[in-house]
Amino acid sequence: MTDQYEVLNARYEEVKRIPIGLAEAATVLAAAGDLSRRSVLDVGSGTGFYPRLFRSAGASRVFGVDAARAMVGYAQRQEERDPLGISYEVHDALKLPVIGAFDVVTAVWLVGYAPGPAALDTMLAGLAANVRPGGRLVLLHPNPEADWAVLADYARYGLTVTRHDVVDGRTRTTVHVGTEPPFEFESFFWPPGVVEAALARTGLTTVRRQPVVTPPGDEGFWRPLRESPTFAVLTAARP
Ligand SMILES: C[S@@+](CC[C@H](N)C(=O)[O-])C[C@H]1O[C@@H](n2cnc3c(N)ncnc32)[C@H](O)[C@@H]1O
4 MTDQYEVLNA
14 RYEEVKRIPI
24 GLAEAATVLA
34 AAGDLSRRSV
44 LDVGSGTGFY
54 PRLFRSAGAS
64 RVFGVDAARA
74 MVGYAQRQEE
84 RDPLGISYEV
94 HDALKLPVIG
104 AFDVVTAVWL
114 VGYAPGPAAL
124 DTMLAGLAAN
134 VRPGGRLVLL
144 HPNPEADWAV
154 LADYARYGLT
164 VTRHDVVDGR
174 TRTTVHVGTE
184 PPFEFESFFW
194 PPGVVEAALA
204 RTGLTTVRRQ
214 PVVTPPGDEG
224 FWRPLRESPT
234 FAVLTAARP
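For the sequence shown, my numbering gives the first residue as 4, with consecutive numbering after it.
Here is the structure:
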C-alpha cells in the first residue's frame, strides 16, 4: 500500500500541521520517552517528519526506512537541505532486515498497511527484531475503538474519516484532509485487540496502550479527540 505515498510525499506532511497532527506528535513523543542519547529506527518514516522530531528531541542516531521511493527521496532532500545526521533507506517492512539493535523502534501509521493477519505478524516480527534487549517499540495505528460518527465529524481537527468495507481483516477508510487544496488517502483500521495479540506473538512484553496527549489549553476543543482519537499508541518492550 505504498502507491498512494509515491504520489503524496510532500503533501502528506501537511497532516502534521493540522490540530490532530499536533496531538498525534505530542502523543508519540510522550510514548517514546526520553530519547536523549538513544538510537531510533523509524519504519514507514514517510517524509522524515518523525525522524527529524526524534533527532531534535535528542536521539543520537536516527534511521528512517520506507517502502515508497518518493517518500524516502523527499526525506533525503530535506536532510541535504538541513543536515541532522539522519540516514534513510528504502525497505519494505514486510521484508525488513535486521538493520541494528536500536534502543527504540517506531512505526507510525504503518501496521494498518499490512495486508492481512499473516502480513501483520511478519511486519511486527521485523520491527521487534530491530529492538535491542531492554529497548522498546512504539507503534501508532488507527484507533480500533474509534467512534465512526465522531470521526466523520472531526473537521475541527483538520480531517474527517469515512468508513468503507472490510479488506484483509481491516476496515478500509478514506481520510479527507481539509487543507487548501484538500487531499485524501486510504487508511486501514484493525479490529480491537488484533495488533496487541500480534505484538505478544513477537516475544515483546508489557504491551501497553498509551494515553492521548493534546496541546495545552482549550479543554473543550480537545475533549472529543481525547474521547475518540483517530489513533492508538502502543508500546512494548524487549526483555
Ligand atoms: C500514513 S504514512 C505515515 C508516514 C510517517 N510514519 C508519518 O507519520 O509521517 C504511511 C507510510 O508507510 C509507508 N508504508 C506502507 N506500507 C509499507 C511497507 N510495507 N513497508 C514500508 N513502508 C510502508 C508508506 O509508504 C508511507 O510513507
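Cβ coordinates follow ideal geometry from the N, Cα and C atoms, glycine included.
A Cβ-Cβ contact shorter than 7 angstroms links A110 with L130.
Following the DSSP letters along the chain, one finds V210 inside the beta strand (DSSP E) bounded by residues T208 to Q213. The C-beta distance from H94 to G115 rounds to 18 angstroms, too long to meet the 8 angstroms contact threshold. For the pair D221 and K19, the Cα-to-Cα distance works out to about 19 angstroms. The distance from the Cβ of L38 to that of L127 is about 22 angstroms, inconsistent with a contact at the 8 angstroms cut-off. Taking C-beta atoms under 8 angstroms as the contact rule, A96 and G172 fail to qualify, at a distance of about 17 angstroms. Per DSSP, H94 has no beta bridge partner at all. Bridge pairing for T165: T177 [DSSP]. According to the DSSP secondary-structure assignment, D69 is paired through a beta bridge with V93. Between ligand 1 and the CB of V111, the shortest heavy atom gap is smaller than 6 angstroms.
When rounded, the separation of the alpha-carbon atoms in A73 and G138 is 30 angstroms. Between the alpha carbons of V164 and Y91 lies a gap of roughly 30 angstroms.
In the DSSP assignment, G129 falls within the alpha helix (DSSP H) that extends over P120 to A131. Per DSSP, the continuous beta strand (DSSP E) segment holding A110 begins and ends at F105 to V111. For F234, the CB stays at least 6 angstroms from every heavy atom of ligand 1. Counting the other Cβ atoms within 10 Å of the Cβ of T177 gives fewer than 16, which makes it exposed. For the pair W225 and T217, the Cα-to-Cα distance works out to about 7 angstroms. At a cut-off of 6 angstroms, the beta-carbon of D221 does not count as near ligand 1: no heavy atom of the ligand is closer than that.
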